[in-house]
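Have a look at the structure below before the remarks.
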Amino acid sequence: MARLAVVLMILFAAVPQALLAAGAQPDHPRLPTCSATAAAAPDAAAPTQELGNGGGGGSRIVDITHAMRPELPVMGSAAGVGPLLRLKKSMANGSRSNLSELRMSAHTGTHVDAPGHMWQRHFDAGFDVDTLDLELLNGPALLVDVPRDTNITAEVMKSLNIPRGVRRVLFRTLNTDKRLMWQKESDLSFVGFTEGGAQWLVDHTDIKLVGVDYLSVSSYDYLISGHVVFSKSREIVIVESLKLDDVEAGMYMLHCLPLRLVGAEGSPVRCILIK
Ligand SMILES: *[C@@H]1O[C@H](CO)[C@@H](O)[C@H](O)[C@H]1NC(C)=O
Ligand SMILES: *[C@@H]1O[C@H](CO)[C@@H](O)[C@H](O)[C@H]1NC(C)=O
Ligand SMILES: *[C@@H]1O[C@H](CO)[C@@H](O)[C@H](O)[C@H]1NC(C)=O
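With mature numbering (1 follows the signal peptide of the UniProt record, and there is no 0) as the guide, the letters of the sequence shown map in order to residues -21 to -1, 1 to 254.
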């Protein structure tokens, strides 16, 4: 995995306290579930997402982004991502404001891969995350359950019967059942695409956004070759480490917004589903 470090300065005040808490919380402590009812009201700065129905119809938002916490797994490591935030200036020490520095791999937690991640010519040509198509990252998406006893092979892809015209698919697998994203030590037996499964998708479907529920779109045996099948065409966006727990399979509106990291082959992303 490329390890492009991203350093961002952010205001401490804008960061949920959970990110700085020392304890090993499973997720954001103020949110009892991964879903919440949101209103169309503009005052969305409330501390919880339970905003009630402000008369805007009350659409149902499901957050499918993992909270950024030190215990998130890293491929091939037992240590997790480690501390992400550091207070560079603190009011306790006489500064006029608290100011945190964020430091992490561009592939931390829920993130997108740009075509240059595993295809050098695309990287050289500048196809970074800032060139990803927002029209593709936002639109109708299908959440499907993959049979739990297999990786995503050509046979599995065929059996899912995903209709032509479907452009965005989130694949929920055994990884979600095993809660692999909540284990600090990475599990290399995770489920992902085989090279054949990836090729079948490219050849026989219209899918251009592929979302998965662990660190890599392709299983460990096909770590590079599976990525390459998707990245080579430059048409497919890969979204990894999605939080697909407690969501019903079906059609949703998907919204994914990566950071505009010029020159980066990946970026953390906030992804939500709207029913
Ligand atoms: C500012 O940082 C200090 C630690 O230096 C912390 O105790 C305090 O809660 C922070 N204040 C705010 C408003 O976040
Ligand atoms: C504040 O200063 C003390 C003493 O220099 C240091 O140990 C501590 O880490 C500092 N805290 C922050 C939040 O900068
Ligand atoms: C998926 O493939 C990996 C190796 O790439 C293997 O360790 C794992 O057991 C497979 N999972 C299933 C459910 O077949």
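Every residue gets a Cβ at the ideal spot worked out from N, C-alpha and C, and that includes glycine.
Please confirm whether any heavy atom of ligand 3 lies closer than 6 Å to the CB of residue i.
i, result
"Val207", "no"
"Asn154", "no"
"Tyr231", "no"
"Tyr199", "yes"
"Val170", "yes"
"residue 275", "No information on residue 275 is available, as it lies outside the stretch -21 to 254 that the chain covers here."
"Thr129", "yes"
Which term fits residue i, buried or exposed, when burial requires 16 or more other beta carbons within 10 angstroms of its beta carbon?
i, result
"Ala200", "Per the sequence shown, the amino acid found at residue 200 is Asp instead of Ala. Classification for Asp200: exposed."
"His90", "buried"
"Met70", "exposed"
"Arg158", "exposed"
"Gly61", "exposed"
"Arg127", "exposed"
"Pro142", "exposed"
"Arg39", "exposed"
At which residues does the beta strand (DSSP E) containing residue i begin and terminate?
i, result
"Arg39", "39 to 42"
"Gly190", "188 to 191"
"Arg147", "147 to 151"
"Ala120", "117 to 124"
"Ser56", "Taken as a continuous stretch (DSSP letters only), Ser56 belongs to no beta strand (DSSP E), as it is neither H nor E."
"Met83", "78 to 84"
"Ser246", "245 to 253"
"Val91", "90 to 92"
"Glu219", "216 to 219"
"Lys157", "Per DSSP, Lys157 belongs to no beta strand (DSSP E) and is neither H nor E."
"Lys137", "It is not in any beta strand (DSSP E) - Lys137 instead sits in the alpha helix (DSSP H) that spans 133 to 138."
So residue i is in the alpha helix (DSSP H); what residue range does that whole segment cover?
i, result
"Ile236", "The question names Ile, but residue 236 in the sequence shown is Leu. Here Leu236 belongs to no alpha helix (DSSP H); instead the beta strand (DSSP E) covers 229 to 237."
"Ile203", "202 to 211"
"Glu174", "174 to 183"
"Asp103", "99 to 103"
Kindly list the residues whose CB is nearer than 8 Å to the CB of residue i, restricted to its own chain and excluding five residues on each side of it in sequence; keep chain order.
i, result
"Asp107", "Ala93, Gly95, Leu240, Val241, Gly242, Ala243, Glu244"
"Ala104", "Gly95"
"Thr44", "Gly88, Thr89, Leu221, Lys222, Val248, Arg249, Cys250, Ile251"
"Gly55", "Ser165, Leu167"
Could you name the residues of the same chain whose beta carbon sits closer than 6 Å to that of residue i, not counting the 5 residues immediately before and after it, in chain order?
i, result
"Ala133", "Gly175, Gly176, Trp179"
"Val145", "Leu121"
"Asn117", "His234"
Apart from the five residues on each side of it in sequence, which residues of its chain come closer than 7 Å, Cβ to Cβ, to residue i?
i, result
"Arg213", "Pro94, His101, Phe106"
"Val53", "Gly59, Val60, Ser165"
"Leu139", "Val123"
Review point. Would you say the stretch 199 to 213 touches the stretch 98 to 113, given that touching needs at least three Cβ pairs under 8 Å?
Key: Yes: the two stretches touch, three or more of their Cβ pairs being nearer than 8 Å.
Practice item. May I ask you to verify whether the stretch 228 to 237 touches the stretch 114 to 123, counting CB pairs closer than 8 Å and requiring at least 3? Key: Judged by pairs of C-beta atoms under 8 Å, the stretch 228 to 237 touches the stretch 114 to 123, as three or more such pairs exist.
Check your understanding: Are the stretch 189 to 198 and the stretch 210 to 222 touching, with three or more C-beta to C-beta distances below 8 Å?
Key -> The stretch 189 to 198, when compared against the stretch 210 to 222, does touch it at the 8 Å Cβ threshold.
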